[in-house]
Amino acid sequence: MPILDEHTLDFFSRSPEQTRRVGMRLGSMLRPGDVICLQGDLGAGKTTFVQGLAQGWGTLDAVSSPTFIIVNMYRRADGAQLYHMDAYRLDSVPEAEELDLESMLAQGPLLVEWAERIRDLIPANHIWLEMEYLAEEHRKMRFTAHGRRNDALLADLRQAVFGGD
Amino acid sequence: MTDLKPARILALESSCDETACAILENGRVLLSSVVASQMDIHARFGGVFPEVASRQHVLAVVPVVEQALSQAHLSLSEVDAIAVTRGPGLAGSLVVGLNAAKGLALGLGLPLVGVNHLEGHIYSSWVYNAGETLPPEPQFPLMALLVSGGHTELNLMTDHLTYRRLGATLDDAAGEAFDKVARLLSLPYPGGPSVQKAAENGDPSRFHFPRAWLENSWNFSFSGLKTAVLYEVNDLKNRSGSLPVDDLAASFQAAVVDVLFKKTIDAAREFGAKEILVAGGVSANRALRQAFQSQTEFKVHIPPLSLCTDNAAMIGSAGYFRYALGHTSGLDMDVQPTWPLS
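Here the protein sequences come in this chain order: A and B. Using the working numbering, the letters of the first sequence map in sequence onto residues 128 to 292. Using the working numbering, the letters of the second sequence map in sequence onto residues 343 to 684.
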């Protein structure tokens, strides 16, 4: 698997199960303030990845794409919270600042689906995940880290997914 | 109707983006129903934003109670019990209605009844306006199809408050599929009504989208249908650059209705149900209503459009049967944001 540079990680998933497992690995490493942005068309596997991530983070709550609800919140037995936002229709909202990402980030990690639609509002430090449909079961995932904390997260993820370094 | 004790219930509902209060007699006769919708506020976000929703509930909850009482020409002293939605829904929204209900119950010394929002949707078929002739109530065993933005499930009801869950969606709820397809077709939020509107001018047989029958189970799946629409849309865009939105919407809607209708009828036959009940937000869909109304094998209960969306009347009905059958709640009751019906 090619390592483009220390800020980028490419992964080619061969099944939804594999996509879910990568999500679980990343989810288990997240802490409050972490921002994971997901970009990809319908059918690119975003929901599958998020389901794995939430499971790895440790929630038992059912995870669905927050179609009607802009932000879903999932809870963990220790009281921690994970936020899951759908920004699909937010790009047309002039007052999107009202979303108050800050207060969510103080409480827990935040996942943003369709993050490209509110790019200006995304905090400087984040992991950007671009998902792409290749074939029926195959998806390309490209993680890009922004900021030192996220470089470290990505290094840990690379280690967890591929082993070695 | 039944020989249950008569009671007048004041009900509160605040599970998502509607703050609602209703007063109902004996689980059926609606004296007043007030719904403060936040639709306009959330429409600009293209979905419900939970923080905003709970702040709006706080502002609206006292006025809706006052309005429901005044419309029914009643005072709080003429109410026998307080019913409230306990879940499922948004935690921050549920807690506003629940605390208001607890305050009323404590202050008035009345029993408190926590109600499952999904059970409320089912009981909307028991509700009738005061002054109308009381139609016959649904008869058990009853096959209940619950279909909304967050849920799609089949339950066999053998008695009041008794549910046997036969199956549910394995992925997207039917209402969610409508909203996703609305996005694919660039139709406005909320997706259900806008897909239905486009479908009215469309040819439902133009595209043959897959029906996930899931033989030998009562489960549903709509994720594959959504993907099939996606591929068709991409293909059409690549070939011609323009989309026959109406035909796509009609063909998609036909696929959803086909599966919901046929599986419900099959389940009713299989389990010897006397009647069928359809409830939840998607029961407002005209094609789905027509499908059920076009058959004569089973009597079908579908609530009027005003009771398909969230309201407190349905909570008052389910709350009445809970109260009359002895299922009241303590003041230490908490919200249950993810609460299954059974």
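Yeah, the Cβ is synthetic: ideal placement off N, Cα and C, and Gly gets one too.
Using the beta-carbon count (16 or more within 10 Å), is Met-258 (chain A) buried or exposed? Stepping through the first sequence from its first residue, residue 258 (chain A) is reached at position 131. Classification of Met-258 (chain A): buried, given that the 10 Å Cβ count is 16 or more.
Straight-line Cα distance separating Ala-364 (chain B) from Gly-456 (chain B): For the purposes of this step, residue 456 (chain B) is taken as the residue at position 114 of the second sequence. For the purposes of this step, residue 364 (chain B) is taken as the residue at position 22 of the second sequence. If you take the alpha carbons of Gly-456 (chain B) and Ala-364 (chain B), they lie about 15 Å apart.
What are the uninterrupted segments assigned as alpha helix (DSSP H) that are 4 or more residues long and contained completely in the region 579 to 664 of chain B, given in chain order? Qualifying alpha helix (DSSP H) stretches, in chain order: 587 to 612, 628 to 635 and 647 to 650.
For Val-455 (chain B), name the three-state secondary structure that DSSP assigns. If you number the second sequence from 1, residue 455 (chain B) lands on position 113. For Val-455 (chain B), the secondary structure class from DSSP, reduced to helix, strand or coil, is strand.
If you draw a straight line from the alpha carbon of Met-343 (chain B) to that of Asp-188 (chain A), how long is it in whole angstroms? If you number the second sequence from 1, residue 343 (chain B) lands on position 1. If you number the first sequence from 1, residue 188 (chain A) lands on position 61. A caution first: Met-343 (chain B) carries a pLDDT of 48, below 50, which makes its placement in the model unreliable, though a value can still be read off. In a straight line, the C-alpha of Met-343 (chain B) is about 40 Å away from that of Asp-188 (chain A).
Beta-carbon proximity list for Val-690 (chain B), same chain, < 6 Å, skipping 5 on both sides: With chain B represented from 343 up to 684, any question about residue 690 (chain B) goes unanswered, as that position is not in the structure.
Can you check whether the CB of Ala-181 (chain A) is closer than 8 Å to the CB of Leu-209 (chain A)? Numbered from 1 along the first sequence, position 82 holds the residue referred to as residue 209 (chain A). Numbered from 1 along the first sequence, position 54 holds the residue referred to as residue 181 (chain A). Contact: yes.
Among B:Leu-446, B:Ser-466, B:Ile-644 and B:Ser-379, which one has its Cα closest to the Cα of Tyr-662 (chain B)? What you label residue 662 (chain B) is simply residue 320 of the second sequence in a count that begins at 1. If we check each option's Cα against that of Tyr-662 (chain B), B:Ser-466 comes out closest.
Check whether the Cβ of Gly-170 (chain A) lies closer than 8 Å to any Cβ atom in chain B. Position 43 of the first sequence, counted from the start, is the residue given in the question as residue 170 (chain A). With a threshold of 8 Å between beta carbons, Gly-170 (chain A) makes contact with chain B.
Alpha helix (DSSP H) containing Ile-295 (chain A): first to last residue? Residue 295 (chain A) falls outside the range modelled here, since chain A spans only 128 to 292, and no answer is possible.
Return the chain-ordered list of same chain residues with a C-beta closer than 6 Å to the C-beta of Gly-434 (chain B), the five sequence neighbours on each side being excluded. To locate residue 434 (chain B), count along the second sequence from 1; it is residue 92. These residues qualify, in order along the chain: Pro-392 and Ser-396.
Check the Cβ-Cβ distances between Leu-526 (chain B) and every residue of chain A, and say whether any is below 8 Å. To locate residue 526 (chain B), count along the second sequence from 1; it is residue 184. Answer yes: the Cβ-Cβ gap between Leu-526 (chain B) and chain A drops below 8 Å somewhere.
Note down, in chain order, each residue of its chain lying with its Cβ closer than 7 Å to the Cβ of Val-571 (chain B), except the 5 sequence neighbours on either side. Here residue 571 (chain B) corresponds to residue number 229 of the second sequence, with the count starting at 1. If you ignore the 5 residues before and after Val-571 (chain B), its C-beta comes within less than 7 Å of the C-beta of Val-523, Leu-526, Phe-551, Leu-590 and Phe-594, all in its own chain and listed in chain order.
Give me, in chain order, the residues of the same chain whose beta-carbon lies closer than 8 Å to that of Lys-616 (chain B); leave out the 5 immediate sequence neighbours on both sides. For the purposes of this step, residue 616 (chain B) is identified with residue 274 of the second sequence, where counting begins at 1. Hits under 8 Å: Gln-481, Phe-482, Pro-483, Leu-484, Phe-640 and Lys-641.
Integer-rounded CB distance, given that Leu-436 (chain B) should sit under 8 Å from Val-677 (chain B): Your numbering for residue 677 (chain B) matches position 335 in the second sequence. Your numbering for residue 436 (chain B) matches position 94 in the second sequence. Yes, they are in contact, since the Cβ atoms of Val-677 (chain B) and Leu-436 (chain B) sit about 4 Å apart, within 8 Å.
Is the beta carbon of Ser-659 (chain B) closer than 8 Å to that of Gly-369 (chain B)? For the purposes of this step, residue 369 (chain B) is taken as residue 27 along the second sequence, with counting starting at 1. For the purposes of this step, residue 659 (chain B) is taken as residue 317 along the second sequence, with counting starting at 1. With respect to the 8 Å criterion, Gly-369 (chain B) and Ser-659 (chain B) are classified as neighbours on the basis of their beta carbons.
Taking a contact to mean a Cβ-Cβ separation below 8 Å, would you say Leu-529 (chain B) touches Ala-540 (chain B) in this structure? Here the question's residue 529 (chain B) lines up with position 187 in the second sequence. Here the question's residue 540 (chain B) lines up with position 198 in the second sequence. Contact flag set, yes.
Could you give the first and the last residue of the continuous alpha helix (DSSP H) run that contains Leu-153 (chain A)? One-based indexing of the first sequence puts residue 153 (chain A) at position 26. Where Leu-153 (chain A) is concerned, the enclosing alpha helix (DSSP H) stretches over 143 to 154.
CB-CB under 6 Å to His-493 (chain B), same chain, minus the five flanking residues each way: which ones, in chain order? In the second sequence, counting from the first residue as 1, residue 493 (chain B) sits at position 151. Exclusion of the five residues before and after His-493 (chain B) leaves Ala-515 as the residues of its chain whose Cβ lies within less than 6 Å of its Cβ.
With C-beta atoms as the reference, is Thr-175 (chain A) less than 8 Å away from Ser-192 (chain A)? Here residue 175 (chain A) refers to the residue found at position 48 when the first sequence is read from its first residue. Here residue 192 (chain A) refers to the residue found at position 65 when the first sequence is read from its first residue. In this structure, Ser-192 (chain A) does not lie closer than 8 Å to Thr-175 (chain A) by Cβ.
Return the first residue and the last residue of the alpha helix (DSSP H) that Ile-383 (chain B) is part of. Stepping through the second sequence from its first residue, residue 383 (chain B) is reached at position 41. Residues 381 to 385.
Going along chain A, which residues have a C-beta under 8 Å from Leu-432 (chain B)? Reading the second sequence from its first residue, position 90 is the one you call residue 432 (chain B). Contact of Leu-432 (chain B) with chain A by beta-carbon distance below 8 Å involves Ile-196.
Can you tell me whether Lys-605 (chain B) is buried or exposed? The criterion is at least 16 other CB atoms within 10 Å of its CB, across all chains shown. Position 263 of the second sequence, counted from the first residue, corresponds to residue 605 (chain B). It counts as buried.
Specify the secondary structure class of Gln-286 (chain A) as computed by DSSP and reduced to three states. For the purposes of this step, residue 286 (chain A) is taken as residue 159 along the first sequence, with counting starting at 1. In this structure, Gln-286 (chain A) counts as helix in the three-state DSSP scheme.
His-550 (chain B) (DSSP reduced to helix, strand or coil): Your numbering for residue 550 (chain B) matches position 208 in the second sequence. Here His-550 (chain B) sits in coil by DSSP.
For Val-239 (chain A), the residue or residues it bridges with in DSSP: Here residue 239 (chain A) refers to the residue found at position 112 when the first sequence is read from its first residue. Looking at the DSSP assignment, Val-239 (chain A) forms a beta bridge with A:Cys-164 and A:Met-212.
Which bits of chain B does Leu-217 (chain A) rub up against, with CB to CB less than 8 Å? Start at 1 with the first residue of the first sequence, and residue 217 (chain A) comes out as number 90. The answer, in chain order, is Phe-387 and Gly-388.
Whole angstroms are fine: how far does the CA of Ile-618 (chain B) sit from the CA of Arg-664 (chain B)? Within the second sequence, numbered from 1, the residue matching residue 664 (chain B) stands at position 322. Within the second sequence, numbered from 1, the residue matching residue 618 (chain B) stands at position 276. Straight-line Cα distance between these residues: approximately 22 Å.
With a cut-off of 8 Å on the beta carbons, I'd call Leu-446 (chain B) and Ile-464 (chain B) a contact; round off their distance for me. Position 104 of the second sequence holds residue 446 (chain B). Position 122 of the second sequence holds residue 464 (chain B). With 8 Å as the limit, Leu-446 (chain B) and Ile-464 (chain B) do not qualify as a contact, their Cβ atoms being about 25 Å apart.
Ile-249 (chain A) (DSSP reduced to helix, strand or coil): On the first sequence, position 122 is the one that residue 249 (chain A) refers to. Here Ile-249 (chain A) sits in coil by DSSP.
So who's on the other strand from Phe-270 (chain A), going by DSSP bridges? Against the first sequence, residue 270 (chain A) aligns to sequence position 143. Phe-270 (chain A) pairs with A:Leu-136 and A:Leu-256.
Just reading off the alpha helix (DSSP H) that Leu-411 (chain B) is part of, what are its end residues? Within the second sequence, the letter at position 69 stands for residue 411 (chain B). Unbroken alpha helix (DSSP H) run through Leu-411 (chain B): 392 to 413.
Please classify Leu-448 (chain B) as buried or exposed, where buried requires at least 16 neighbouring CB atoms within 10 angstroms. As a working mapping, residue 448 (chain B) is identified with position 106 in the second sequence. Exposed, because fewer than 16 other Cβ atoms sit within 10 Å of the Cβ of Leu-448 (chain B).
Would you say Ala-207 (chain A) reaches chain B, if we count a Cβ-Cβ gap shorter than 8 Å as a contact? Taking the first residue of the first sequence as position 1, residue 207 (chain A) is located at position 80. Answer no: the Cβ-Cβ gap between Ala-207 (chain A) and chain B never drops below 8 Å.
Interface partners of Ala-233 (chain A) on chain B, CB under 9 Å: Residue numbering aside, residue 233 (chain A) sits at position 106 when the first sequence is read from its first letter. Within chain B, no residue comes near Ala-233 (chain A); the closest Cβ sits about 13 Å away, beyond 9 Å.
For the region 495 to 507 of chain B, list every residue whose C-beta sits within 7 Å of some C-beta in chain A, in sequence order. Listed in sequence order: no entries.
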